[in-house]
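Student: Quick one: the structure is below, questions incoming.
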């Protein structure tokens, strides 16, 4: 087949590659400035606080009934932060304990910014007063008590120094002058958030500390030299700094959850290493073609520029398409209602584009400067037959058997997704043994009446009507307690308690029953379990639209690249299988509690609610990465080099198989940073994406793609006649 003339996109990429090879130091200076500025601003905080100081954490809520009901409560009873002191090893009948506890409350109330301070001794009857029951440790020995300090509602919105001073003052007073022999532990939402943010920062640094050195070692083995291996790593470091700078900018226009930093920056790191590996490999191949067997030292500047230009025009085109494909996949997150998911989507798109730009403008000038070192092992052209082409030929001999075996494996791995449950953990995100996780675990066990009710029915009604409705609620299965309180003059609230945790099955069942058995007045069922139910319903409602955006966008890009409607369709179907399998493995591990000791986590009996949308979109983007790496080479060999379908697949797999497997190994190393971290949601994401990459780079790309392409033959490249004519005029070819 005759080669089509280059289009504008190819010409521009080739021109960009030659320019970067002609003026490499200019490109490097620009990236050095970008990296230095973003590091200083986002990490060192020279502009008034680092990125980590601007992060938050909370449940991934959405609009809906639970949100509306909570908003009504907030208008009447504005939420405020609190600090709690758990004391154990005390005798509540001791006069010394009573004296110390009473004085502590008086001292805390004198601190500016404190709204209230309560322990059992503020009540008329002391620890035996029925109203004091929530503040007395449960159990027969009653050897502990709880002091709860609540701050003014507006304190968190006031000057941060004032708020910090108030919290520190209360903390100091709580931990000073404890009763003789008492042991104390202090906890609260602010302390939990601080511990989570600190763990995020530690996990990020640890992840990078694992990923960068190991990636460098692997690339030394892949490239056979330190210089070539260092080029993608330099690009990855620049990408991390630029990504942190982008996230810092986003923190001024949207609230960023603490998990965003780990997920987004390590994804950018993985992609940048992928793209760097591809560009450096193709640059070495084009430099060998230019040298044509001559010593590397004889390469002229013009030949180096031509080689880098051709590398960017070919591999750079794949990087460009891959970046767009991953960006489209992550843009699917913008469809969802949850603010935290949209924030990850927006930040993720920007970081992916940064990785793409790094691959196109930083790695090529590095290749130009190190051109002679890239060929230190010789300039001979690599053989066209090898391990991967032999693998493809073996698959071509028994394609139906390969397809049946691979599909059976993927379906078996995906089965656990049928029983997948979602949750939205708080302190459970931290590992057992950390101070705030242990504090809240003890709080739930020792002071059950302090826990939030399983559900609250907020109604536009009188207290009398709400009380009458509460009598009906008492009869519902699973309800262990009901209380009524007024919310101003217009509303009343019915609080409903159940056995078990706030997001356990009894709580979820009660929410469902309450929404099926409404009172006669207007009502809203709210609470943590209700919020999770609304969140999962929102995911289900929005998922088809997000999937449509991703499918259509990816289909169009692959069609523009290949001129085929079969290849995009097949790629999408195979991705669905591999991603379903990855979620199945994550469900089997984290929901069913397998491998807890090995991976260092405590199962909550569910997956975190953010995992399915994030794992599917991120995993889809990474899967399409390898699809583009392989298909771009096969299409080039089929359309432009005149090879038949099977031979194009064999040669394409031979030339890209080493890159795909190396890239997958490097991505797995990067995601090992996720798995090694302490945060449960990050660990779950790491496992899901690691499995997705491993399955895609092995089962799908090495076996299923060659098998299906062998069976379809020339039909791989089929498109309806109108689309073929349109592609001939507008398709993007090399």
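Residue numbers (the numbering used here): 18 to 751.
The beta-carbon is built from N, C-alpha and C at its ideal position, and this holds for glycine as well.
Nothing here was measured: the structure is a model prediction, and the numbers come from that model.
1. Whose CA, out of 652, 712, 137 and 700, lies closest to the CA of residue 681?
2. Where does residue 743 sit, in a helix, a strand or coil, going by DSSP?
3. When you compare only the Cα positions, how much space is there between residue 436 and residue 171?
4. On the DSSP letters alone, give me the boundaries of the alpha helix (DSSP H) that residue 267 sits inside.
5. Among the residues of its own chain, which have a CB less than 6 Å from the CB of residue 86, if the five just before and after it don't count?
6. Just tell me which of 657, 674, 552 and 89 has its CA closest to the CA of residue 718.
7. Run through the DSSP bridge pairs and tell me what residue 541 is partnered with.
8. DSSP state of residue 368, grouped into three classes?
9. Answer yes or no: do residue 622 and residue 438 have a C-beta to C-beta separation smaller than 8 Å?
10. Measure the CB-CB distance between residue 625 and residue 577 and report whether it falls below 8 Å.
11. State the Cα-Cα distance for the pair residue 125 and residue 167, rounded to the nearest angstrom.
12. If I follow the unbroken alpha helix (DSSP H) through residue 508, where does it start and stop?
13. Mind the definition here: the stretch 544 to 556 touches the stretch 513 to 525 only if three or more C-beta pairs lie below 8 Å; say whether that holds.
14. Taking only three categories from DSSP, how would you classify residue 503?
15. Using CA atoms only, rank isn't needed, just tell me which of 302, 142 and 446 is closest to residue 215.
16. Based on DSSP bridge pairs, tell me the residues matched to residue 200.
17. For the beta strand (DSSP E) that residue 232 lies in, which residues bound it at each end?
18. Between residue 649 and residue 208, what straight-line distance do the alpha-carbon atoms span, to the nearest angstrom?
19. Give me the residue from 501, 494 and 568 with the minimum Cα distance to residue 486.
20. When we look at the beta-carbon of residue 379 and count the other beta-carbons within 10 Å, is it buried (16 or more) or exposed?
21. Measure the C-alpha to C-alpha separation of residue 620 and residue 359 and round it to an integer number of angstroms.
22. Does the distance from the C-beta atom of residue 38 to that of residue 309 stay below 8 Å?
23. Under a Cβ-count criterion, where at least 16 other Cβ atoms within 10 Å of its own Cβ denotes burial, should residue 1 be classed as buried or exposed?
24. Can you tell me the Cβ-Cβ gap for residue 377 and residue 329, rounded? I've got them flagged as a contact below 8 Å.
25. Report back the beta-carbon spacing between residue 349 and residue 634 to the nearest angstrom; my notes put them in contact at under 8 Å.
26. Under three-state DSSP, which class holds residue 134?
27. How about the stretch 41 to 56 and the stretch 198 to 207: do they share at least three Cβ pairs that are nearer than 8 Å?
28. Report the three-state DSSP secondary structure of residue 15 (helix, strand or coil).
29. With DSSP as the reference, label residue 94 as helix, strand or coil.
30. Is residue 694 buried or exposed, if buried means 16 or more other CB atoms sit within 10 Å of its CB?
31. With a 10 Å radius around its C-beta and 16 neighbouring C-beta atoms as the bar for buried, classify residue 737 as buried or exposed.
32. Can you tell me whether residue 40 is buried or exposed? The criterion is at least 16 other CB atoms within 10 Å of its CB, across all chains shown.
33. Looking only at its chain, what residues have a beta carbon closer than 8 Å to the beta carbon of residue 97, apart from the 5 residues adjacent to it on each side?
34. Taking the alpha-carbon positions, what's the residue 89 to residue 483 distance?
35. If I measure Cβ to Cβ from residue 205 and keep anything under 6 Å in the same chain, skipping five residues before and after, which residues do I get?
Tutor: Taking the definition as stated:
1. Out of 652, 712, 137 and 700, 712 has the C-alpha closest to the C-alpha of residue 681.
2. Helix, per DSSP.
3. Taken atom to atom, the span from the alpha-carbon of residue 436 to that of residue 171 is near 43 Å.
4. That run of the alpha helix (DSSP H) goes 243 to 267.
5. Sequence-distant Cβ neighbours of residue 86 in its own chain, meaning closer than 6 Å and more than five residues away, are 475, 541 and 543.
6. Selected option, being the one with the closest Cα: 674.
7. Looking at the DSSP assignment, residue 541 forms a beta bridge with 475.
8. Residue 368 sits in a helix when the DSSP states are folded into three classes.
9. Yes.
10. Cβ distance not < 8 Å, so residue 625 and residue 577 don't count as in contact.
11. Whole-angstrom Cα-Cα distance: 10 Å.
12. Where residue 508 is concerned, there is no enclosing alpha helix (DSSP H), although the beta strand (DSSP E) it sits in stretches over 508 to 515.
13. Segments in contact, yes.
14. Three-state DSSP puts residue 503 in a strand.
15. When C-alpha distances from residue 215 are compared across 302, 142 and 446, the shortest belongs to 446.
16. Residue pairing from DSSP places residue 200 in a beta bridge opposite 105.
17. Looking at the DSSP string, residue 232 is not in any beta strand (DSSP E); the run it does join, the alpha helix (DSSP H), is 206 to 240.
18. Roughly 51 Å separates the two Cα atoms.
19. Selection 501, 494 and 568 evaluated against residue 486 yields 501 as nearest (Cα-Cα).
20. A residue is called buried once 16 or more other Cβ atoms fall within 10 Å of its Cβ, and residue 379 is buried on that count.
21. Going from the Cα of residue 620 to the Cα of residue 359 covers about 27 Å.
22. Against a cut-off of 8 Å, the Cβ pair of residue 309 and residue 38 comes out as no contact.
23. The chain is shown only over 18 to 751; residue 1 falls outside these bounds and no answer can be derived.
24. Contact between residue 377 and residue 329 holds: their C-beta atoms lie close to 7 Å from each other, under 8 Å.
25. About 5 Å separates the beta carbons of residue 349 and residue 634, which is inside the 8 Å limit, making them a contact pair.
26. Strand.
27. Cβ pair count under 8 Å is below three, so no.
28. Missing from the structure shown is residue 15; the chain here goes from 18 to 751 and no further.
29. Residue 94 carries a coil assignment under DSSP once its states are collapsed to helix, strand and coil.
30. Answer is buried; the Cβ neighbour count reaches 16.
31. With fewer than 16 other Cβ atoms inside 10 Å of its own Cβ, residue 737 counts as exposed.
32. Exposed.
33. Around residue 97, the same chain offers 132, 167, 168, 169, 170, 172 and 173 as residues with beta carbons nearer than 8 Å, after the five sequence neighbours per side are excluded.
34. Cα to Cα, residue 89 sits roughly 16 Å from residue 483.
35. Excluding positions up to five away in sequence, the list reads 99, 100 and 101.
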